[in-house]
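Residue numbers (our numbering), protein chains in the order written: chain A, 46 to 418; chain B, 21 to 312.
Using N, Cα and C, we set each Cβ at its ideal position, and we do this for glycine too.
Okay, structure first, notes after.
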Amino acid sequence: MEKNLLIELKNITKAFDGEPVLRGINLDIHDKEFITLLGPSGCGKTTTLRIIGGFEDPDSGDVFFDGKRINDVPSYKRNVNTVFQRYALFPHLNVFENIAFGLRLKKRPDREIAEKVKEMLKLVNLKGFERRSVSTLSGGQQQRVAIARALINDPEILLLDEPLGALDLKLRKDMQNELKNIQQKTGITFIYVTHDQEEALSMSDTVVVMNNGEILQIGTPQDIYNEPVNAFVADFIGESNLIFGTMLEDYKVRFSGHIFDCLDKGFEPNESVDVVVRPEDVDIVAPEKGMLCGTVSNVTFMGVHYEIIVDINNYKWMIQTTDYCGEGEKIGLYIEPDAIHVMKKSEYSDMVGDYSSYSEEHEHLSDIVEEDD
Amino acid sequence: MNNSAKVRKKVLAASSKSTIERSWLARIAACPHILWSVLFIIAPLMFVAYFAFTDSAGNFTFENITNLTNYGETFMLSVFFSLIATVVCIIIGYPLAYFIARLKPRKQKLFILLLMLPMWISLLIRTYSLMALLDNGGIISTFLVSLGFEKLSFIGTGGAVILGMVYDYLPYMVLPIYTTISKIDVRCIEAAADLGCNGWQTVKNVVFPLSVPGIISGVTMVFVPSISTFYISQKLGGGAFDLIGDTIERQFQNKLTYHTGAAISLVMMILILISLAVMNRFSDNDGGEIIV
């Protein structure tokens, strides 16, 4: 189902103080799409969003809106509204006036404004909050006001810059569902920026994975997860075992000393490749029946499943399973052909290791405080 | 906002443990200032009150206060001049403060330094230098004469007095306004643009309302010294205007009528306190729902 092209970014570059932030971004955004720009801090996703919103000018390249070049159109003339990272509500106005702000500027009649604000408050589940001062609202409530304030202007595109970043986990999950519902109800194109891959996968129609000012992959959440283009995407999206391998011929790949059947083709004979096997796609069997064989070195109970680290020829794999294995136990691994994904070598191939530093990595990740880039 | 409230709660909880020792220490630390206040602020105020309500024989009387009706015109003139000076300070100071606050940080520092520079020079010298400009044979007059105008002096006009007030107190208007504007969240300004405000509308709808507290404190810092000044009006007014400050000064310096002087001072102090209270109320409301 091909939809209308709404936004086109053509070869956008941008540098701050000589430091390149965007290196040639090309992106098409379609009508009614929920598209997410996903990447680690500093990858240029927020800058891309700000260029669409008109808050930054690209150094080179063009932005098209409905086929018209809008590089020189200031943000207040663009039919685009933004939900900012820390909401940026007006502290001198109450909830009603914050939401009514855009319509007041357009000098709409009071009655229409009152009606639309009421409608918006209902949409974001804040009925009866009209007279409240925004400083008395919780983070989640402020977020809803920010969304209502943007949506009341009937934008063609809503830009959301890590809107849930400041909320706690449970509230974030609720708001994710709510945002998705609002997007489907209103049919407005959402361009969503996040560093949270789970959020990106669960909400989006299209995910754009970015790193270091470049777009690495554009696709549906399923594509991105099941068919990552390179080691970086595979590593960034979900958990994955990344192994160096050799593509012997079409549908035959060798890694960890075993030759596997797979579904990939189109490589040179004996080409070096990166192989991804998702932890949930590995079956545990008896050692003598396994394609690979290893020793369990670590078991973590995660609630729904166990996460076990298996040492195979000194390379640590992660496997998610509902069957319990004891530490030190010898197990066999069975991998179906469709569980194997083969990727071309890339600049990221060497940056990704095995799970030997798994626990430290986890602690490290939880320490990172995300700032906007 | 919510977060900062939480943080405050946490800080309070953490500090409650050692509150006792700290309050003890804090009390000792406050001693020098308390002594100072008693000697040089509270005691003189008591004297002012005492003189205001007694006659030369030391008997209690309301006469000093009731006699103040004689000074009604002086009061009105003082208020009028100070109000105009304050308004002029806002008109000149606000755009300047806005301009400085939107500069890059390094340039902001430079401009603030330039703004503060005159404040390092004594007010007396500044006022004298204004006289040199405005006087009969002063620089401006000489310049006008060279252009073929008649020789004239600005000294002794109301305009010169107001100019003096503006000249001396303008930095006190700019600084607080600059501080509030520079503290406004950039994202609020971006949000205004995002919602359809052009530059002027952003200032009108967001920047100006959020900088009202700065204007209020600027107004206090200009209006209060302006209304009680005597030096500016004496030097630049050339004796043509009797402002309330002059009257008070005369009571103490020449006539040695402490009782009238004290009464005027007391009434003026109360009037200023009332107007400050009104303004503060005004600015408090502004944080909430005044627009509705």
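Listed along chain B are 210, 211 and 214, each with a C-beta nearer than 8 Å to that of residue 127 of chain A. Between residue 201 of chain B and residue 118 of chain B, the beta carbon gap of about 6 Å places them in contact (Cβ cut-off 8 Å).
The beta carbon of residue 184 of chain A lies closer than 6 Å to those of 211 and 212 in the same chain, with the five residues before and after it left out. In this structure, the straight-line span from the alpha carbon of residue 283 of chain B to that of residue 175 of chain A is close to 50 Å.
Of the other Cβ atoms in all chains shown, 16 or more fall within 10 Å of the Cβ of residue 137 of chain A; this residue is therefore buried.
Residue burial annotation: residue 140 of chain B is exposed, with fewer than 16 other C-beta atoms found within 10 angstroms of its C-beta. Each of B/286, B/234, B/271 and B/163 was checked against the Cα of residue 250 of chain B, and the nearest Cα belongs to B/271. When secondary structure is reduced to three states using DSSP, residue 47 of chain B falls in the helix class. In the structure shown, residue 267 of chain A adopts helical secondary structure according to DSSP, grouped into three states. Taking every protein chain shown into account, the CB of residue 335 of chain A has 16 or more other CB atoms within 10 angstroms, so this residue is buried.
If you check the CB distance, residue 244 of chain A and residue 221 of chain A come in under 8 Å. Any Cβ of chain B closer than 8 Å to the Cβ of residue 136 of chain A would place that residue at the interface, and such an atom is present. Contact between residue 101 of chain A and residue 59 of chain A holds, with the beta-carbon distance rounding to 7 Å and staying under 8 Å.
DSSP, reduced to helix, strand and coil, places residue 254 of chain B within a helical segment of the structure shown. Here residue 67 of chain A is not near residue 239 of chain A, since their CB atoms are 8 Å or more apart. Within the same chain, Cβ atoms closer than 8 Å to the Cβ of residue 227 of chain B are found at 118, 201, 204 and 209, the five residues on either side in sequence being excluded. Scanning its chain for C-beta atoms nearer than 7 Å, with the 5 sequence neighbours on each side dropped, one finds around residue 262 of chain B the residues 94, in chain order. In the structure shown, the three-state DSSP call for residue 339 of chain A is strand. The criterion of a C-beta distance shorter than 8 Å is satisfied by residue 72 of chain A and residue 253 of chain A.
Listed in chain order, the positions of the stretch 191 to 206 of chain A with a beta carbon within less than 8 Å of a beta carbon of chain B are 194, 195 and 198.
Annotation for residue 292 of chain A: the continuous beta strand (DSSP E) segment containing it runs 286 to 294. Within the stretch 221 to 236 of chain B, those residues whose Cβ lies closer than 9 Å to any Cβ of chain A are, in chain order, 221, 222, 225, 226, 229, 230 and 232. Taking C-beta atoms as the reference points, residue 252 of chain B and residue 185 of chain B count as a pair closer than 8 Å.
Of all residues in the stretch 141 to 162 of chain A, those with a C-beta nearer than 9 Å to a C-beta of chain B are 141, 142, 146, 147, 149, 150 and 151, reading in chain order. Taking 8 Å as the CB threshold, residue 266 of chain B stays off the interface with chain A. Of the candidates A/361, A/371 and A/321, the residue whose Cα lies closest to the Cα of residue 345 of chain A is A/371. For the stretch 189 to 228 of chain A, there is no continuous alpha helix (DSSP H) assignment of 4+ residues that stays within its boundaries. Look at the stretch 154 to 170 of chain B: it has no residue with a C-beta under 8 Å from a C-beta of chain A. Inter-residue distance for residue 90 of chain B and residue 232 of chain B is about 37 Å (C-alpha atoms, whole angstroms).
For the 8 Å CB-CB criterion, residue 134 of chain A and residue 126 of chain A do not form a contact. Nearest Cα to residue 165 of chain A within the set A/57, A/195, A/180 and A/261: A/195. Taking residue 104 of chain B as the centre and dropping the five residues before and after it, the same chain places the C-beta of 182 closer than 8 Å to its C-beta, in chain order. Spanning the alpha carbons of residue 103 of chain A and residue 49 of chain B requires a straight line of approximately 56 Å.
Counting only the Cα atoms, residue 265 of chain A lies some 5 Å from residue 251 of chain A. In the structure shown, residue 315 of chain A falls within a coil segment according to DSSP collapsed to helix, strand and coil. The three-state reading of DSSP puts residue 68 of chain A in strand, counting E and B together.
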